[in-house]
Amino acid sequence: RKKYVTLTPEEWVRQHFVNYLVENLGYPPGLIGIEVGFRLNSMLRRADILVHDRSGAPVMIVECKAPQVKITQEVFDQIINYNFSYGVRYLVVTNGITHFVGKTDTAARRFDLLDHIPDYETLTEQEP
400 RKKYVTLTPE EWVRQHFVNY LVENLGYPPG LIGIEVGFRL NSMLRRADIL
450 VHDRSGAPVM IVECKAPQVK ITQEVFDQII NYNFSYGVRY LVVTNGITHF
500 VGKTDTAARR FDLLDHIPDY ETLTEQEP
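Positions in the sequence shown are counted from 1; adding 399 to them yields the numbering used here.
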């Protein structure tokens with residue numbers, strides 16, 4: 400973001416997760432948006448992390464929670480609602496300790512949990 404922000408527990412998770420994406424999974428920093436604002440049912444919301452492909456299309460949303468916050472169905476519902484605005488293939492929820500990643504298939508109306516976060520090249524591969 401190139402600005403100073405208060406280091407809340409959620410911000411700590413967000414910054415470490417972005418660092419993991421960049422340093423370990425090859426995500427280009429310039430294609431990662433942090434706290435990206437959008438409208439959902441006329442209300443202003445913010446996606447914690449929004450990853451784009453090289454053409455600028457969003458491909459993954461990450462919802463970050465503070466470490467003491469449990470990942471519940473409510474957290475999944477939040478990110479699924481956010482995805483109505485973006486229609487991305489990958490959704491991630493994390494509290495810095497527990498991470499869940501899933502791949503959406505809107506045509507089949509499916510959401511499949513994955514056992515790992517895909518690297519950037521896998522994330523941006525075109526579907527057959």
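Virtual Cβ for every residue (Gly too), placed ideally from N, Cα, C.
Whether or not the region 426-441 and the region 465-473 are in contact is what I'm after, with contact meaning three or more pairs of Cβ atoms, one per stretch, closer than 8 Å; do they touch? no
Cβ of Gly432 within 9 Å of Cβ of Leu449? Taking the first residue of the sequence shown as position 1, residue 432 is located at position 33. Taking the first residue of the sequence shown as position 1, residue 449 is located at position 50. Going by C-beta atoms, Gly432 is nearer than 9 Å to Leu449.
Roughly how many angstroms lie between the CA atoms of Glu524 and Trp411, to the nearest whole one? One-based indexing of the sequence shown puts residue 524 at position 125. One-based indexing of the sequence shown puts residue 411 at position 12. Using only the alpha carbons, I get a separation of about 30 Å.
Coarse secondary structure for Pro527, derived from DSSP in three states: Start at 1 with the first residue of the sequence shown, and residue 527 comes out as number 128. Only weak support exists for where Pro527 lies, its pLDDT of 48 falling under 50; the coordinates are left without a value.
When you compare only the Cα positions, how much space is there between Thr405 and Val421? Position 6 of the sequence shown, counted from the start, is the residue given in the question as residue 405. Position 22 of the sequence shown, counted from the start, is the residue given in the question as residue 421. Roughly 22 Å between the two C-alpha positions.
Determine the extent of the beta strand (DSSP E) in which Ile448 is found, giving its start and end residues. Counted from its first residue, the sequence shown places residue 448 at position 49. Start and end: Met442 to His451.
Can you find a CB in chain C that lies within less than 9 Å of the CB of Val474? Absence of chain C from the displayed structure is noted, only one protein chain being present.
Contacts around Asp452, its chain only, beta-carbon distance under 6 Å, and the 5 residues preceding and following it disregarded: The residue you call residue 452 lines up with position 53 of the sequence shown. The residues are Val458 and Thr523.
From the DSSP secondary-structure annotation, give me the bridge partner or partners of Glu462. Counted from its first residue, the sequence shown places residue 462 at position 63. DSSP, once it has assigned bridges, lists Val492 as partnering Glu462.
In whole angstroms, give me the CA-to-CA distance for Arg496 and Thr471. Within the sequence shown, the letter at position 97 stands for residue 496. Within the sequence shown, the letter at position 72 stands for residue 471. The residue you asked about is not Arg; residue 496 is Ile in the sequence shown. Rounded to the nearest angstrom, the two C-alpha atoms are 14 Å apart.
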